[in-house]
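Trainee: This is the structure I want to talk about, given as C-alpha cells.
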Amino acid sequence: MKIHEYQGKAVLSSFGVPVPKGKVAYTVDEAVEAGKELGFPVVVKAQIHAGGRGKGGGVKLAKSADECEEIAKAILGMTLKTHQTGPEGRVVRRLLIEQGVDLEGSKEMYLAVVLDRASGSPVVMASAQGGVDIEEVAAHDPGAILKERVNPAVGFQAFQARKLAFGLRLHPTLLGRTVTFMQNLYRAFEATDAALLEINPFLMLKDGTLIALDAKVSFDDNALYRHPDLKELRDLDEEDPLEVEASKFSLNYIKLEGGNVGCMVNGAGLAMATMDIIKLAGGNPANFLDVGGGANAEQIRNAFRILLADKEVKAVLINIFGGILRCDVLAEGVIAAVRDLNVKVPVVIRMKGNNEARGKEMLRDSGLNFSTADDMKEAARRVVAAAGSAAMAGAQ
Ligand code: GDP
Ligand code: MN
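Residue numbering for the sequence shown is 83 to 478, as defined by our numbering.
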C-alpha cells in the first residue's frame, strides 16, 4: 500500500527522522492559509502516488501568498504526468505546503531501505548522486549506489551506517548524526512493516543539518492487519476503481493492459497458468482474477460484474478447479450473474473437480448460451477465437 509524501513524512518524523515543517491542503484557500502559517517561501508539492513530480511541474516554490495562491490553483486538479504515472497521468487532489529549504551549498543525496528479494533481507541503499534521476544512476553507474544488507535478526548496525556515511564522503564530524538518521529510518522501516522507504533527496544543508526533503513510503499489504493506524492512510482515489471494488469482496483482481479476454480463476497458480495458455492460443488476458479457493456464489457474481465493467473485455474464460468451491456452486453463481447482469459477451467455462457433472448439468439446463470445454487448451482456443470475432464485430 502506497501513501502520500506528507503522510510518509509524518510517519518518519514520529521515528525521529527530520523532515521540513509542512501541512496538507485540499483547497487553494487551505494552501494559502498553510503558507501564511509556515512563512514564505514555501514549496507547493502535488501529492500523488508517483515520483518525478518535480520534472512534471508538480513541485514549485512560492515566495508570497499571491504566488502560493497562483501555484496552488494551477496544480490542484491538474493531471500530472511523470515517468512513473504512465501516459494517462494522475489528477492532483491534495497539496503539501512545506517550509522552503534553501538548497544553496547543500548536497542532494539518496537514501532508501527496501526489501531485497534476492538476498531475502532488507537492504539500506545510499548514493551521493541523489536528486531527481536516481533511475539513471542505477542504469549507468550502478557502482555509485552503495548497499548494506541487513541481517533482520540483529538489525541495521551502527558500523554499517558509518560505512555508508564514509561512502557518501560525509565529513567525519557528521558521522554521529548520519548514523542516527539512518538508524531511525531503519527503525521506521521495521516497525511499520514497510516495503519501501525512499528519501530522495536526502539533503545535507550548508550547516551540516540532515533532512528528508522527499519521502516515498509503501507498506507490505500482508502486514497491514498489524497496523490499523497506517491502514487509515490509504487513498482510494489513487487506486484503480475496479481493484478497490474487488478488494471489498476479497477478490484478487488486477487489470492488465492491452488484453481482451477476461479471466475468472480460483487459485493464483491456476490464474497464472490460465494467462499463459491464453497467450499460447494467440490471445491476451485483460486481467488477473483469483476468486480464491473458497469463493461463494455471491463472490462469483461480484467477480463477474467487475470483469465486465472493463470495457476491453470481449470474452470471458472461467477456469475453475472444483475443490472447496464446488462446480455446482460456481455454476449457480455464474448463471445468476449472467441473468442479472444481462451478459452479452461470450462465456467459455472449463471446470474440473467436485460436483462437476452437477455443475455442467446446471449450465446446460439454464438455457443460457455457455460454451464449455473439458481441457484448458481447448477452452483457451475457444475464448481467444470468441474474443477475436467479438472485437472484429465491434470494429465494423
Ligand atoms: P519528486 O520530483 O517527485 O521526486 O519530488 P521531490 O520532493 O524530490 O522534489 C523535486 C525537487 O524539487 C527536489 O529534488 C528539489 O530540487 C526541489 N525541491 C523540493 N523541495 C524544495 C525546497 O524546499 N526548496 C528548494 N529550493 N527546492 C526544493
Ligand atoms: Mn524526490
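Where is the CB? At the ideal position from N, CA and C, for every residue including glycine.
Three or more C-beta pairs closer than 8 Å, one from the segment 431-443 and one from the segment 359-377: is that the case here?
Mentor: No contact exists between the segment 431-443 and the segment 359-377.
Trainee: Taking the beta carbon of residue 200 as the centre, do at least 16 other beta carbons fall within 10 Å, making it buried, or is it exposed?
Mentor: Within the sequence shown, the letter at position 118 stands for residue 200. Result: exposed.
Trainee: Between which two residues does the beta strand (DSSP E) containing residue 203 stretch?
Mentor: Counted from its first residue, the sequence shown places residue 203 at position 121. Start and end: 203-209.
Trainee: Quick check: the Cα distance between residue 265 and residue 218, rounded to an integer number of angstroms?
Mentor: As a first step, residue 265 must be located in the sequence shown, where it is residue number 183. As a first step, residue 218 must be located in the sequence shown, where it is residue number 136. Taking the straight line joining both Cα atoms gives about 27 Å.
Trainee: Under a three-way DSSP split, which group does residue 478 fall into?
Mentor: Here residue 478 is taken as the residue at index 396 of the sequence shown, counted from 1. Note that residue 478 scores 49 on pLDDT, short of 50, meaning its location in the model is unreliable; the coordinates nonetheless yield the value given after this. Residue state, collapsed to three classes: coil.
Trainee: Per DSSP, residue 345 forms a beta bridge with which residues?
Mentor: Numbered from 1 along the sequence shown, position 263 holds the residue referred to as residue 345. In DSSP, residue 345 forms a bridge with 399.
Trainee: Taking 6 Å as the limit, name every residue whose beta carbon sits nearer than that to some heavy atom of ligand 2, in sequence order.
Mentor: Residues flagged by the Cβ proximity filter: 133, 282, 296.
Trainee: Ignore the nearest five residues each way along the sequence and tell me which others in residue 129's own chain have a CB closer than 8 Å to its CB.
Mentor: For the purposes of this step, residue 129 is identified with residue 47 of the sequence shown, where counting begins at 1. Counting only Cβ-Cβ distances below 8 Å, and skipping sequence neighbours, we find 86, 87, 88, 106, 174, 175, 176, 177, 178.
Trainee: Quick one: grab the DSSP three-state call for residue 130.
Mentor: Walking along the sequence shown from the start, residue 130 turns up at place 48. Note: residue 130 maps to coil in three-state DSSP.
Trainee: Can you tell which of 381, 183, 133 has the C-alpha that lies nearest to the C-alpha of residue 165?
Mentor: If you number the sequence shown from 1, residue 165 lands on position 83. Among 381, 183, 133, the Cα nearest to that of residue 165 belongs to 133.
Trainee: Give the secondary structure of residue 286 by DSSP, where H, G and I count as helix, E and B as strand, and everything else as coil.
Mentor: To locate residue 286, count along the sequence shown from 1; it is residue 204. Correct three-state label for residue 286: strand.
Trainee: Does DSSP classify residue 198 as helix, strand or coil?
Mentor: Position 116 of the sequence shown holds residue 198. Three-state DSSP puts residue 198 in a strand.
Trainee: Tell me which residues share the same chain as residue 228 and place their Cβ nearer than 6 Å to its Cβ, disregarding the 5 neighbours each side in the sequence.
Mentor: For the purposes of this step, residue 228 is taken as residue 146 along the sequence shown, with counting starting at 1. Correct list, in chain order: 208, 246, 249.
Trainee: I need the boundaries of the alpha helix (DSSP H) containing residue 417, first residue and last residue.
Mentor: Position 335 of the sequence shown, counted from the first residue, corresponds to residue 417. Start and end: 409-422.
Trainee: Roughly how many whole angstroms lie between the Cα atoms of residue 384 and residue 347?
Mentor: Taking the first residue of the sequence shown as 1, we reach residue 384 at position 302. Taking the first residue of the sequence shown as 1, we reach residue 347 at position 265. Going by the C-alpha atoms only, they are around 13 Å apart.
Trainee: Output the distance between the C-alpha atoms of residue 100 and residue 332, rounded to the nearest integer angstrom.
Mentor: Position 18 of the sequence shown holds residue 100. Position 250 of the sequence shown holds residue 332. Answer to the nearest angstrom: the Cα atoms are 38 Å apart.
Trainee: For residue 462, which residues of its own chain have a beta-carbon under 8 Å away from its beta-carbon, when the five flanking residues on both sides are left out?
Mentor: Translated into the one-based positions of the sequence shown, residue 462 becomes position 380. Closer than 8 Å at Cβ, skipping near neighbours: 356, 359, 360, 362, 363, 365, 399.
Trainee: Given that a residue counts as buried once 16 or more other Cβ atoms are within 10 Å of its Cβ, and exposed if not, what is residue 372?
Mentor: Locating residue 372 in the sequence shown gives position 290, counting from the first residue. Burial call: buried.
Trainee: Should residue 141 be listed as close to ligand 1, given that the test is whether its C-beta is under 7 Å from any heavy atom?
Mentor: Position 59 of the sequence shown, counting from 1, holds the residue named residue 141. Yes, Cβ of residue 141 sits closer than 7 Å to a heavy atom of ligand 1.
Trainee: So which of 230, 279, 290 has the shortest CA-CA distance to residue 255?
Mentor: Counting from one through the sequence shown, the residue named residue 255 turns up at place 173. The residue with the shortest Cα to Cα distance from residue 255 is 290.
Trainee: Where does residue 307 land, buried or exposed, given buried means 16+ other C-beta within 10 angstroms?
Mentor: Mapped onto the sequence shown, residue 307 falls at position 225. With fewer than 16 Cβ atoms within 10 Å of its Cβ, residue 307 is classed as exposed.
Trainee: Name the two residues that bound the continuous alpha helix (DSSP H) containing residue 148.
Mentor: Residue 148 sits at position 66 when you count from the first residue of the sequence shown. From DSSP, the alpha helix (DSSP H) with residue 148 extends over 147-157.
Trainee: Would a C-beta distance cut-off of 8 Å place residue 271 and residue 326 closer than the cut-off?
Mentor: Residue mapping note: residue 271 aligns to position 189 of the sequence shown, counting from 1. Residue mapping note: residue 326 aligns to position 244 of the sequence shown, counting from 1. The answer is no: Cβ separation not under 8 Å.
Trainee: Considering just the uninterrupted stretch of the alpha helix (DSSP H) at residue 181, what are its terminal residues?
Mentor: Stepping through the sequence shown from its first residue, residue 181 is reached at position 99. Looking at the DSSP string, residue 181 is not in any alpha helix (DSSP H); the run it does join, the beta strand (DSSP E), is 177-181.
Trainee: Hey, how far is the Cα of residue 293 from the Cα of residue 163?
Mentor: Within the sequence shown, numbered from 1, the residue matching residue 293 stands at position 211. Within the sequence shown, numbered from 1, the residue matching residue 163 stands at position 81. Their backbone Cα atoms lie some 27 Å apart in a straight line.
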